[in-house]
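Its first residue numbered 1, the sequence shown is counted upward by one per residue in full-length UniProt numbering.
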Amino acid sequence: MAVVVNGVELSDADMEQELPLHGDAPNPMQRAMTALVLRRVLLDEARRLGLPSADEEAAIDALLASEVQVPTPDEASCRRHYQQYPQRFTVGELVEVDHILFQVTPRVPLEALRGLGEQTLAELLAEPALFAERARTLSNCPSGEVGGNLGQLSRGDTVPEFERVVFAMSPGSILPRLLETRFGLHIVRVARRVEGRLLPYEQVAEQIAAALHTASQDAAWRQYLQLLVGRARIEGIALEGADSPLVQ
């Protein structure tokens, strides 16, 4: 079915040009078509307002600059962010982690896998000295060959759901529950921890202000796009939401 925006049908040529830009998306075709629809909606609005532009990109930039007000973060907001998320501004923080991965696969029932993981965890909480041996025999991670040791990890080295837990653990401890991530179920032990150093606020103030401004800008753009999409006549596609990163 053809996709029509405000009476204009999007062409196959447009799609061929847009599609390569979204190859990493879970659904590249849907993402590319959504981007084309949003671009068309923005260009139609710029034209309706009579905004001058040299090309399409300039038209969109002029529209967003004219119609979207982005608040500038004040110092109080920046300091509050600094105090709320000190880990983001800490350097040199390290943890040495061992783990045993029970990988979730279609061939292994999750209930049985969880049962094995919980049984192994109970055994290791009772006898931590068996950790390396159980990692070598049970772990689905290459680190199992070295007793489950992942080495020294900095923030950003692992997936967020793993990082949040291991950086909150005390050295020498085994997490008393299975840790679930996108890779499966983990038994986790933190062998050593280096606390790191919190950078002074003055050293990161500009970085914080820029990050908060970007977040405010994204939210404002998303809200404006949703408003324009609600006004537009769009046929042939259901937009789940107007995602500001599509606006370049």
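All residues carry an ideal CB built from backbone N, CA and C; glycine is no exception.
Exercise for the section: List the DSSP bridge partners of H186. Expected result: L101, L179
Practice task
Return the first residue and the last residue of the beta strand (DSSP E) that L153 is part of.
Solution key: 149-153
Practice task
Within 10 angstroms of the Cβ of Y224, are there 16 or more other Cβ atoms? Answer buried if so, exposed if not.
Solution key: buried
Practice task
Between the Cα of Q119 and those of H186, L239, Q217, spot the shortest distance and give me the residue it belongs to.
Solution key: H186
Practice task
Give the DSSP-derived three-state secondary structure of S244 in the structure shown.
Solution key: For S244, the predicted model reports a pLDDT of 38, less than 50, meaning its position is unreliable; a value from the coordinates is still stated below. It is helical.
Problem - Pairwise C-alpha distance: S216 and R222 - result: 10 Å
Practice task
Mark S143 as exposed unless 16 or more other C-beta atoms lie within 10 angstroms of its C-beta, in which case mark it buried.
Solution key: buried
Handout entry: Whole-angstrom distance between R182 and E161, CA atom to CA atom
Key = 8 Å
Exercise for the section: Return the chain-ordered list of same chain residues with a C-beta closer than 8 Å to the C-beta of L19, the five sequence neighbours on each side being excluded. Expected result: P28, M29, A32
Handout entry: Cβ neighbours of H81 in the same chain (closer than 6 Å, five flanking residues each side left out)
Key = I208
Practice task
Could you tell me how far apart the beta carbons of L94 and Q152 are, in whole angstroms, since I believe they sit closer than 8 Å?
Solution key: 5 Å
Handout entry: C-alpha gap between Q203 and A13, whole angstroms
Key = 48 Å
Exercise for the section: Could you please give the first and the last residue of the uninterrupted alpha helix (DSSP H) stretch that includes residue 298? Expected result: There is no way to answer for residue 298, as the model of the chain reaches only from 1 to 248.
Problem - Distance, M15 Cα to L63 Cα - result: 23 Å
Practice task
Identify, in the order they occur along the chain, each residue of the same chain with its Cβ nearer than 6 Å to the Cβ of A2, setting aside the five sequence neighbours on each side.
Solution key: E9, G236
Handout entry: Cβ pair H213, P73 closer than 8 Å
Key = yes
Exercise for the section: Please work out which residues of its chain come closer than 8 Å, Cβ to Cβ, to L21, disregarding the five sequence neighbours upstream and downstream, and give them in chain order. Expected result: A32, A35
Problem - Proximal residues to G184 (C-beta, below 8 Å), its chain only, five neighbours per side dropped - result: L101, F102, Q103, V104, L113, N140
Problem - Assigned secondary structure, A191 (DSSP; H/G/I helix, E/B strand, else coil) - result: strand
Problem - CA-to-CA distance, L51 to A65, given in whole angstroms - result: 11 Å
Problem - Residues near A220 in its chain [Cβ-Cβ closer than 6 Å; skip 5 each side] - result: V68, V70
Exercise for the section: Would you mind working out which of A76, A25, A168 sits nearest A205, comparing C-alpha positions? Expected result: A76
Exercise for the section: Determine the burial state of V37: buried for a count of at least 16 other Cβ atoms within 10 Å of its Cβ, exposed for fewer. Expected result: buried
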